[in-house]
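Enquirer: Residue numbers (the numbering used here), protein chains in the order written: chain A, 352 to 462; chain B, 454 to 569. If you scroll down you'll find the structure; I have some questions about it.
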Amino acid sequence: QKEVEQNSGPLSVPEGAIASLNCTYSDRGSQSFFWYRQYSGKSPELIMFIYSNGDKEDGRFTAQLNKASQYVSLLIRDSQPSDSATYLCAVVTNTGNQFYFGTGTSLTVIP
Amino acid sequence: DGGITQSPKYLFRKEGQNVTLSCEQNLNHDAMYWYRQDPGQGLRLIYYSQIVNDFQKGDIAEGYSVSREKKESFPLTVTSAQKNPTAFYLCASSKSPGVGNTGELFFGEGSRLTVL
Numbered sequence: 352q353k354e355v356e357q358n359s360g361p362l363s364v365p366e367g368a369i370a371s372l373n374c375t376y377s378d379r380g381s382q383s384f385f386w387y388r389q390y391s392g393k394s395p396e397l398i399m400f401i402y403s404n405g406d407k408e409d410g411r412f413t414a415q416l417n418k419a420s421q422y423v424s425l426l427i428r429d430s431q432p433s434d435s436a437t438y439l440c441a442v443v444t445n446t447g448n449q450f451y452f453g454t455g456t457s458l459t460v461i462p
Numbered sequence: 454d455g456g457i458t459q460s461p462k463y464l465f466r467k468e469g470q471n472v473t474l475s476c477e478q479n480l481n482h483d484a485m486y487w488y489r490q491d492p493g494q495g496l497r498l499i500y501y502s503q504i505v506n507d508f509q510k511g512d513i514a515e516g517y518s519v520s521r522e523k524k525e526s527f528p529l530t531v532t533s534a535q536k537n538p539t540a541f542y543l544c545a546s547s548k549s550p551g552v553g554n555t556g557e558l559f560f561g562e563g564s565r566l567t568v569l
């Protein structure tokens, strides 16, 4: 069983719509959750992090965490063509200082 | 500017050759990591180090070696034993989570290795 699972997509949304990206994880003791954005050929960059159950908002981005369901999501409001990228979910487990990454979801925002 | 520097950005290797990828950070981070990324896939952990002179294998360590002689440096050697080394290699570092920091991973720009 993979530690972190994401739908690979591709996910396409029209400009201005809400994009919803989902991630599930297997280690119930996981403590820290991160969303990274990766443009083609580039290295990942941090978009959001969340530690506590509930929602966390930063500009157009909202991260949602539900530890009981072992589920973390990223919502992108008012999607822009510049949001077109692969979004990686990363989880730090309770067993140590290791980051486990999902395979990423490819998002395309259509102008 | 603080950050992580990887070199070279592009590297071509003939089969049977060892190559070493450089990773240097001036963020004063204790932990450093090497990941491999193949097309359409996520990041897979090769090795990580939480302290100088100590490192642990990740999920795909076979055919790779590392050293951590200095806090700032964590070079990765891709040996001839690695059967399919063509990939995008990412070095990262992190500070342990605590007050005032998120414990996030900071990435270098990556090194793209192609075996001819």
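Cβ atoms here follow ideal geometry from the backbone N, Cα and C, with glycine treated the same way.
Step through the CB atoms of chain A and report whether any lies within less than 8 Å of the CB of residue 566/B.
Expert: Working through the second sequence from its first residue, we reach residue 566/B at position 113. No - not a single Cβ of chain A is within 8 Å of the one on residue 566/B.
Enquirer: Please list, in chain order, all residues of the same chain as residue 355/A whose beta carbon is under 8 Å from its beta carbon, the five residues on each side excluded.
Expert: As a first step, residue 355/A is located in the first sequence; it is residue number 4 there, counting from the start. Taken in chain order, the residues that qualify are 374, 375, 376, 377, 440, 441, 442, 451, 452, 453.
Enquirer: Give me, in chain order, the residues of the same chain whose beta-carbon lies closer than 6 Å to that of residue 473/B; leave out the 5 immediate sequence neighbours on both sides.
Expert: The residue labelled residue 473/B in the question sits at position 20 within the second sequence. Taken in chain order, the residues that qualify are 528, 530.
Enquirer: For residue 560/B and chain A, any beta-carbon pair shorter than 8 Å?
Expert: Locating residue 560/B in the second sequence gives position 107, counting from the first residue. Judged by the 8 Å Cβ criterion, residue 560/B is in contact with chain A.
Enquirer: Check whether chain E comes within 8 Å of residue 384/A, counting only Cβ atoms and requiring the distance to be less than that.
Expert: Going by chain labels, chain E is absent from the structure shown, which instead holds the protein chains A and B.
Enquirer: When the Cα of residue 419/A is compared with those of 387/A, 405/A, 411/A, which residue comes out closest?
Expert: Walking along the first sequence from the start, residue 419/A turns up at place 68. It is 405/A whose Cα lies nearest to the Cα of residue 419/A.
Enquirer: Does any C-beta atom of chain A lie closer than 8 Å to the C-beta of residue 535/B?
Expert: Within the second sequence, the letter at position 82 stands for residue 535/B. It does not; no Cβ of chain A falls within 8 Å.
Enquirer: With distances taken Cα to Cα, identify the nearest neighbour of residue 562/B among 538/B, 490/B, 467/B.
Expert: Looking up residue 562/B in the second sequence gives position 109. Residue 562/B has its Cα closest to that of 490/B, out of 538/B, 490/B, 467/B.
Enquirer: Can you look up residue 433/A in the DSSP assignment and give me helix, strand or coil?
Expert: Position 82 of the first sequence, counted from the start, is the residue given in the question as residue 433/A. Reduced to three states, the DSSP call for residue 433/A is helix.
Enquirer: Under 8 Å, Cβ to Cβ, is there at least one residue of chain A near residue 478/B?
Expert: Taking the first residue of the second sequence as position 1, residue 478/B is located at position 25. For residue 478/B, the answer is no, since every Cβ of chain A falls outside 8 Å of its Cβ.
Enquirer: Taking 8 Å as the cut-off, decide whether the C-beta atoms of residue 369/A and residue 386/A are in contact.
Expert: Here residue 369/A refers to the residue found at position 18 when the first sequence is read from its first residue. Here residue 386/A refers to the residue found at position 35 when the first sequence is read from its first residue. Contact: no.
Enquirer: Give me the Cα-Cα distance between residue 469/B and residue 519/B, rounded to the nearest whole angstrom.
Expert: As a position in the second sequence, residue 469/B is number 16, starting the count at 1. As a position in the second sequence, residue 519/B is number 66, starting the count at 1. Approximately 18 Å between the Cα atoms of the pair.
Enquirer: Any C-beta of chain A sitting closer than 8 Å to the C-beta of residue 515/B?
Expert: Position 62 of the second sequence, counting from 1, holds the residue named residue 515/B. No, residue 515/B lies away from the interface with chain A (no Cβ there is under 8 Å from its Cβ).
Enquirer: Kindly indicate if chain B contains any beta-carbon less than 8 Å away from that of residue 412/A.
Expert: Translated into positions along the first sequence, residue 412/A becomes position 61. It does not: the Cβ of residue 412/A has no partner Cβ on chain B nearer than 8 Å.
Enquirer: Kindly indicate which three-state DSSP category residue 434/B falls into: helix, strand or coil?
Expert: Outside the displayed range of chain B (454 to 569) lies residue 434/B, so it cannot be described from this structure.
Enquirer: Is residue 458/B buried or exposed, if buried means 16 or more other CB atoms sit within 10 Å of its CB?
Expert: If you number the second sequence from 1, residue 458/B lands on position 5. Exposed is the call here.
Enquirer: Are any of the Cβ atoms in chain B nearer than 8 Å to that of residue 443/A?
Expert: The residue labelled residue 443/A in the question sits at position 92 within the first sequence. So yes, residue 443/A belongs to the interface.
Enquirer: Counting only C-beta atoms, is residue 380/A closer than 8 Å to chain B at any point?
Expert: Indexing the first sequence from 1 puts residue 380/A at position 29. Judged by the 8 Å Cβ criterion, residue 380/A is not in contact with chain B.
Enquirer: Just the Cα atoms here: how many angstroms apart are residue 390/A and residue 436/A?
Expert: Translated into positions along the first sequence, residue 390/A becomes position 39. Translated into positions along the first sequence, residue 436/A becomes position 85. Cα-Cα distance, rounded: 5 Å.
Enquirer: Taking all protein chains shown into account, do 16 or more other C-beta atoms lie within 10 angstroms of the C-beta of residue 409/A, making it buried, or fewer, making it exposed?
Expert: By 1-based counting over the first sequence, the position of residue 409/A is 58. Exposed, by the Cβ-count rule.
Enquirer: For my contact list, residue 569/B and residue 540/B are in at a C-beta cut-off of 8 Å; report their separation, rounded to the angstrom.
Expert: For this step, residue 569/B is matched to residue 116 along the second sequence. For this step, residue 540/B is matched to residue 87 along the second sequence. No, residue 569/B and residue 540/B are not in contact; Cβ-Cβ is about 14 Å, not under 8 Å.
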